[in-house]
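Here is the structure we will look at.
Numbering (my numbering), first residue to last: 118 to 278.
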């Protein structure tokens with residue numbers, strides 16, 4: 118049984134979803150691509166998310182560079198491997214889809230990496246916003262390119278919320 122809450126952020130409301138064991142299994146922005154239907158989030162319970170809310174608040178204040186939360190990321194084995202690789206991209210840095218494919222030992226899998234990246238169920242915490250095109254261009258982000266740019270600018274210290 119899942120539970121959820123909604124918290125404020127510099128990007129508008131964020132919906133946090135927890136699995137039955139309390140692990141975070143979703144973080145969704147308003148109008149996010151691939152956002153599951155609201156009825157799958159379970160009952161609202163604002164008491165279960167204190168640690169996630171505290172870490173997100175610290176992140177948005179520029180005080181936290183790496184999250185430490187229990188996660189349950191449901192996806193294919195390949196998707197979970199890509200999402201794990203995303204957590205290795207340091208704060209304020211970016212990697213291309215091709216670089217991630219290389220790191221996975223499959224340099225021809227950049228498109229598959231992009232598809233898995235787009236299905237990341239815990240944006241921001243699993244930093245899919247740190248993945249860019251080979252040319253350095255901002256490409257695809259489930260939360261919208263404006264949010265991606267703002268997150269990257271924030272992490273690089275070139276913009277404040």
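By construction, the Cβ of each residue, glycine as well, lies at the ideal position given by its N, Cα and C atoms.
Here the structure is a predicted model, which is why all the values come from computation and not from measurement.
First and last residue of the beta strand (DSSP E) that includes residue i?
i: residue 239; result: Unbroken run through residue 239: none, as it is neither H nor E.
i: residue 143; result: 141-146
i: residue 121; result: 120-124
i: residue 132; result: 131-135
I'd like the span of the alpha helix (DSSP H) that includes residue i, first residue to last.
i: residue 67; result: The chain is shown from 118 up to 278; residue 67 falls before or after that span and cannot be answered.
Using the rule of at least 16 other Cβ atoms within 10 Å of the residue's Cβ for burial, across every protein chain shown, is residue i buried or exposed?
i: residue 258; result: buried
i: residue 272; result: buried
i: residue 132; result: buried
i: residue 231; result: buried
i: residue 214; result: buried
i: residue 252; result: exposed
i: residue 127; result: exposed
i: residue 244; result: buried
i: residue 205; result: exposed
i: residue 227; result: buried
i: residue 143; result: buried
i: residue 176; result: buried
i: residue 274; result: exposed
Which residue from the options puts its Cα closest to that of residue i?
i: residue 150; options: 205, 254, 240, 222; result: 240
i: residue 138; options: 124, 144, 152, 119; result: 119
i: residue 155; options: 216, 140, 121, 169; result: 121
i: residue 135; options: 129, 222, 238; result: 238
i: residue 270; options: 179, 233, 234, 183; result: 179
i: residue 197; options: 206, 234, 174; result: 234
i: residue 194; options: 184, 246, 221, 206; result: 221
i: residue 182; options: 247, 148, 256, 266; result: 247
i: residue 129; options: 153, 141, 140, 173; result: 173
i: residue 152; options: 266, 268, 236, 140; result: 236
For the ligand ADP, any of its heavy atoms closer than 6 Å to the Cβ of residue i?
i: residue 219; result: Annotation note on the ligand ADP: not contained in the displayed structure, which lists no ligands.
Write down every uninterrupted run of the alpha helix (DSSP H) in the stretch 167-215 whose length is 4 residues or greater and which is fully enclosed by it, in chain order. 167-177, 194-203
Sufficient close CB pairs (3 or more, under 8 Å) joining the stretch 156-163 to the stretch 192-201: no
Taking 8 Å as the threshold, find out whether the stretch 244-264 comes into contact with the stretch 165-179 through three or more Cβ pairs. no
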